[in-house]
Amino acid sequence: MKRTQAELYISVMNEVNCLIGSLGEITDDKEVLEQQNQAKKKLDGIHIELQASLEHLEKNAEWDLFTIAFYGETNAGKSTLIETLRILLSDPSKIEEQEMFRSASLAIEQIETKLRQSKDDLNQVNMIFEKNTLHINGKLENSVSRQTELITTSEWSKQKVDDLEILILEKRYSSLYNLIKSFFNRIDEQKEIIKINETIEQLKIEIVTINQKINAIQRELDEIKVEWDKETEMIPPKILKLENILSNKNNEILKYTDGEIIGDGRSDYTQTVKQYTFRYNSQNFAILDLPGIEGREEIVIEEINNAVERAHAVIYISGKAAPPQNGDEKAKGTIEKIKHHLSQQTEVYFVYNKRVKNPRQFKKGLIGEDEKMALKEVDGVLNDVLFDHYKGHQVLSAYPALLSVGNFWKDKLYKNREKFIEQLGSTKNILEDSGVKDFSEWLKSSLVDESKSKIIRSNYRKLVVLIDYTQENVLEIQKQFNSLEKKLTLNGKATNKKLDEEIDILLYSLDNEANKIIRNFKNKLRKKIYDEIEKKIDKDTFKSVFEKEKDIAIKENSQQLEDGIKENLSEFKKEIIEIVSKNERYTAELLKSFDDSAKFSFEFEMNLNIKNSGSVSGTISSVAVGIASIAWAMTNPVGWVGIALATVGMIMSVGKDVLGFFNHDHRISQQKRATNENIEEMAIQLSKKVSESIRKSHKPLLEEIKEVKKNSNLKIKYINSMNLIFQEAERKLKLLSSEIEQEGMHKPYGNN
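Residue 27 is where the sequence shown starts when you use the numbering used here, and the numbers rise one by one after that.
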C-alpha cells in the first residue's frame, strides 16, 4: 500500500482499528462470543494508548529537515560541543553573534582610546594647574613671609618707641636741664625715636607694597583656578559619559560571547530543547540540544521525548569512557533510559567527551589504552541494547576546542585559552588535538549524507517500534493468559483424574460391600438352618424352616446392603464435593493471583470476572440423583425373593430320598447338603444380580461425572477464548509492523 506522509499515521491507525475489530472467529456459542467481546474490551487500554502515541508521533514527526539530537547525561558537555560546532559549521545565528562581538569589541577599543585620551587631557590640565599653582604659591608664600617680617619689624619698632618715650619722660622730669633739652629734642632717646619712626614709615610703605604684590599673586592664582575649573568642568563629564558607554558596551559584548549556552555544572541547567540549523553542500540539517537525562526527570521528560521523536539520528554524549549503568528499584538507570528513549532510532552514536582542563593532558594523546578498552565495552553494551542501530563511538574533547575557536571577553575562558596557547603554541594546534575538527567534518559529510532517505527510514522506524511495542504488550498479555490456561488445564486434568479414580473406588467399594453382605447372608442363614437341622426335623419342617429363615435373612441383609451402599455413596459424594471444591478454590486462587500479579507498564487492567461454573452442591446434586438408582437396584428385597424362589426345586428334591426317612444321620446330611447348595445358588444369583446392577449404573454415573468435569473446566474454555483473541491480535500486529518496515525501506523520497 502506497501512502503519502500526510496519510501515513491515519492509515496505520485505521489498520489497527480494523485489526481489533476483526479479532475472533464467528461462533454460535454465546459464552465463547461473550469472552471474545470481553477480550476485545481488555484490548481497549492498549488500543487507546497506541492511538495517543501515534498522534504524538505524528505531531513531532519531522519530514523535511534532517535532525540530530545531542542526548546524554547531565554535565556531559553536550552544550559545549554544540557551541563549538556552531562556530565550525557556521551557524547563521552564531556568525551574527560573532560579528556583533567583533563590532562591540571594536567599539570598546575606540571608547577605551577616547577614554584614555580624555583622562590624559585631564591629567595634563591638572599637572599644569598644580605646576603653576605650586609656583605662584611659592611666590605668595615668600611675599606673605616678607609681609609677616615687615609687620613684625614695624610692631617691634612701635614697641621700642613706646619704651623710649617712657625713658624720655623719666629724663624730662629728672632735671631742669633735661626738661629744657627735651624741648629741643636733644635727648638721645628722642633722636633714636626719630630714626625709628622714619623706619616705621618706611616699613609701612613696604608693607603696602608687599600687600599689593600678595593681592596680585592671589589674583593670578584665582585666575589659574578659574581656568582650571573651566577645563576640569568639561573633561570629567566627558570621561563619565565614556565610562558609562564603555560599561554598556561591556555588558552588551557579554551577550555575544561564545559559551553562553553552556551549563554551570548544576543539574537541570538546560530544561528546554534548543535547535540550531546548519547548511552544508545544499543540505539543511539541525542539531537539538537536549536536557540531561540524569536530572529531575519529571521536569524535562516531555522535552526529551518530543525531541527524540523529532530526531533522525542521536549522538549520545558521556563524560566517561564507561558503559551506562543499570538502575535499581528506586530509580531507572542510564541503560533503561537509553532503551526507552533511543530504541526507536535508526542511527545512534556514542561520543566520549573527555574532560580536559589542563593543556598538559594532550601531551600523551587524547585517550590512553585503558580508555580504549573501556570504549570497546561501551560498544558491546550499547549493541546489546540498540542492536544494529548502534553505529559506534567517537572520541573528542569539546572544552579545549571551544577555547580555540570561541570569542571570550576578559573572563575565565579567556584566561584558560591563554594558558592552552602558551602550552600548545596556537589555537590551530588546540583544535586539532581536541578531535572536534574531525568530528565536525564527519558530521557534516558522513552523518548528513543521504539525509532525505534517512529521514524516511527514521520516521518509518519510529512507527515500526511503536507497533512492535504494542505487539510486545499484547504478546505479554497473551503469554499471561497462556500460562494461566496451562495451569488451569493441568489442574483440570488432575481434577478429572481424581474424579475417575473416585468412580473406580466407588465401584470397587460397592463390590466389596455386596460381597461382604452376601457372605454374611450365607453364613448367618446356613448357621440358622443348621441349628434347626440338628434338631432332627423332617422334610416338611426343614422346608418350612428354610423358607422362614431365608425370608428373614433376605430382609436383614437387604437392609444391611442398603445401609452399606448408602454409606459408600455418601463417602463418594463427600469425596466428589471435596475434589470439585478444591478445584474451585484453586481456580479462584489462580485467577486472583493472576489478576493481582499481572501488572504492566502500559494501560491495561485484567479484572478477570469470568462466569462461575456453579456451586459445588449444585454440581454434585445431579450425580447424587444418578447414583441413587444403584441403591434401589441392589437393595430391593423383591429382587432377592425372586432369586431365592429359583432354589425351591432343589429343596423339594430332598424329600424324595426314602432312605432319609429311616436314617436320621443320613437325613441331616442330605438336609445340610441341600441347604448349602441352595444358599450357594442364591448367593451366586444375588452376586450376579448385584454385580449387574453396579455395572448398569456405571455408564449413567460416568455421564453425570462428565457433566461435573464440563462445569469444572468451563473457566479453561473462557481463558482459552481470551488467549486465542490476544494471540491473533499479536500475530496481526506483527504482520502490520513487517509491512510498514518494508514500506519504509523501499519508499522513495517525497510525498508519493
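By construction, the Cβ of each residue, glycine as well, lies at the ideal position given by its N, Cα and C atoms.
By DSSP's assignment, N379 forms a beta bridge with L422.
M399 sits exposed, since fewer than 16 C-beta atoms from the chains shown fall within 10 Å of its C-beta. S131 and N152 have their C-alpha atoms spaced approximately 31 Å apart.
DSSP places T174 in the uninterrupted alpha helix (DSSP H) bounded by P118 to R198.
S430 counts as buried, since at least 16 other C-beta atoms from the protein chains shown sit within 10 angstroms of its C-beta.
Using a Cβ distance threshold of 7 Å, S344 and E109 do not count as a contacting pair. For A400, the uninterrupted alpha helix (DSSP H) segment begins and ends at E395 to L412. Scanning its chain for C-beta atoms nearer than 6 Å, with the 5 sequence neighbours on each side dropped, one finds around L532 the residues F598, in chain order. The continuous alpha helix (DSSP H) containing L80 extends over residues D70 to N86. Only exposed fits S273, as fewer than 16 other CB atoms lie within 10 angstroms of its CB.
Around the beta carbon of E403, a 10 Å sphere encloses fewer than 16 other beta carbons of the protein chains shown; the residue is thus reported as exposed. Of the candidates S472, N442 and K760, S472 places its Cα closest to the Cα of E373. Looking only at F547, V500 and R611, the smallest Cα-Cα distance to I72 is reached by V500.
Here I313 is bridged, per DSSP, to I94 and Y302. One Cα belongs to Q585, the other to I710, and the distance between them is close to 19 Å. For V340, there is no enclosing alpha helix (DSSP H); the residue is part of the beta strand (DSSP E) that begins and ends at A339 to S344.
If you draw a straight line from the Cα of S484 to the Cα of D117, it is about 25 Å long.
The DSSP-derived three-state label of K417 is strand.
Separation of Y495 and I279 (C-alpha to C-alpha, rounded to the nearest whole angstrom) is 50 Å. Sequence-distant Cβ neighbours of E84 in its own chain, meaning closer than 6 Å and more than five residues away, are Y35.
If you ignore the 5 residues before and after A579, its C-beta comes within less than 8 Å of the C-beta of F547, K550, L551 and K554, all in its own chain and listed in chain order.
Separation of D464 and E335 (C-alpha to C-alpha, rounded to the nearest whole angstrom) is 28 Å. Per DSSP, reduced to three states, the secondary structure at V734 is helical. Inter-residue distance for G47 and L510 is about 25 Å (C-alpha atoms, whole angstroms).
If you check the CB distance, S105 and I287 come in under 7 Å. Residue pairing for V374: DSSP places it in a beta bridge opposite V340 and Y416. In this chain, the alpha helix (DSSP H) harbouring K438 covers K438 to L450. For V42, the secondary structure class from DSSP, reduced to helix, strand or coil, is helix. Distance from the Cα of A312 is smallest, within the candidate group T179, G394, W89 and D146, for W89. Taking C-beta atoms as the reference points, V326 and L368 fail to come closer than 7 Å. Taking the Cα positions, I219 is about 14 Å away from E181. For L469, there is no enclosing alpha helix (DSSP H), as DSSP gives it neither H nor E.
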